[in-house]
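Visitor: In terms of the numbering used here, the sequence shown is residues 1 to 165.
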Amino acid sequence: KCCFRIATFSCGMNFRRIFFVMFSSRSYYSLISRKTPIPTEAGHDEAVERISLFAQERKLSRSMVAYCLLRSDIVSVVQWKELKARFYQEWLDLKARKREKQKAAEGGPSYYVVKRDRLGSALLNLMDRSLSEGTITYTKASKVLGVKPRNVVPLLRDVPQRGGL
1 KCCFRIATFS CGMNFRRIFF VMFSSRSYYS LISRKTPIPT EAGHDEAVER
51 ISLFAQERKL SRSMVAYCLL RSDIVSVVQW KELKARFYQE WLDLKARKRE
101 KQKAAEGGPS YYVVKRDRLG SALLNLMDRS LSEGTITYTK ASKVLGVKPR
151 NVVPLLRDVP QRGGL
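1. Work out the CA separation of V144 and E133 for me, nearest whole Å.
2. May I have the straight-line CA-CA distance separating R118 from W80, to the nearest angstrom?
3. Report the CB separation of K48 from R86 in whole angstroms; it is logged as a contact under 8 Å.
4. Does the Cβ of V113 have 16 or more other Cβ atoms within 10 Å, making it buried, or fewer, making it exposed?
5. Compare the C-alpha of W91 against each of P149, R116, E46, S61 and name the closest.
6. Can you name the start and end residues of the alpha helix (DSSP H) that L166 belongs to?
7. At which residues does the alpha helix (DSSP H) containing I51 begin and terminate?
8. Would you kindly work out how many angstroms separate the C-alpha atoms of V152 and K101, rounded to a whole number?
9. For A104, count neighbouring C-beta atoms within 10 Å of its own C-beta (all shown protein chains included) and say buried if the count is 16 or more, exposed if not.
10. From D93, V159, L83, pick the residue whose C-alpha is nearest to that of S52; which is it?
11. For A96, name the three-state secondary structure that DSSP assigns.
12. Alpha carbon to alpha carbon, how far is R58 from D128?
13. Can you tell me the Cα-Cα spacing of L131 and S110, whole angstroms?
14. Could you name the residues of the same chain whose beta carbon sits closer than 7 Å to that of L155, not counting the 5 residues immediately before and after it, in chain order?
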């Protein structure tokens, strides 16, 4: 029966320092000292649960934790692919649930839909092209569009492109 333990590992040069700090907590050492293996076939849900808990406590991606377990030879490539596929599917399901919840919610369109309609596609296309060419800054575009600089990108995100350029 294949099992793996969550153990100390580093995932390349960039993550070494992060994991050193991350694993210096008491909860991690108590997790390691128990040395309770996580079954990956029969108890696949338990493995996902432990990885999820580990990642959530440290504000990391579950996929990254699974990848680092692969890099440290704690899980096999097959197990990693299964975990990665499951995490991806759960993420897609979460996005779909949020989308359905947004559709079911009462109320009108979002702020950006209304703002795009009021500004018009010609001005939005001009600002989008000017920003991509670098002829205008986000601060100046925000003044023209009447939004804060951080709201320029979300406002221009779904702008239909005009012409064949």
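For every residue, glycine included, the Cβ atom is placed at its ideal position computed from N, Cα and C. These numbers were taken from a predicted model, which means no experiment stands behind them.
Guide: Let me lay it out:
1. If I take the Cα positions, the gap works out to 17 Å.
2. Across the structure, R118 and W80 are spaced so that their CA atoms are roughly 48 Å apart.
3. Rather than Lys, the amino acid found at residue 48 in this sequence is Val. Between V48 and R86, the beta carbon gap of about 6 Å places them in contact (Cβ cut-off 8 Å).
4. Taking all protein chains shown into account, V113 has fewer than 16 neighbouring C-beta atoms within 10 Å of its C-beta and is therefore exposed.
5. Considering only alpha carbons, the answer is S61.
6. As shown, the chain starts at 1 and ends at 165. That puts residue 166 outside it, with no answer to give.
7. Here the alpha helix (DSSP H) through I51 covers 44–57.
8. Going from the Cα of V152 to the Cα of K101 covers about 26 Å.
9. Under this definition A104 is an exposed residue.
10. Looking only at D93, V159, L83, the smallest Cα-Cα distance to S52 is reached by L83.
11. Helix.
12. Computed Cα separation, rounded: 37 Å.
13. Cα to Cα, the separation comes out at about 23 Å.
14. Cβ-Cβ distances below 7 Å link L155 to Y112, K115, R116, L145, V147 in the same chain, with the five nearest sequence neighbours on each side left out; the list follows chain order.
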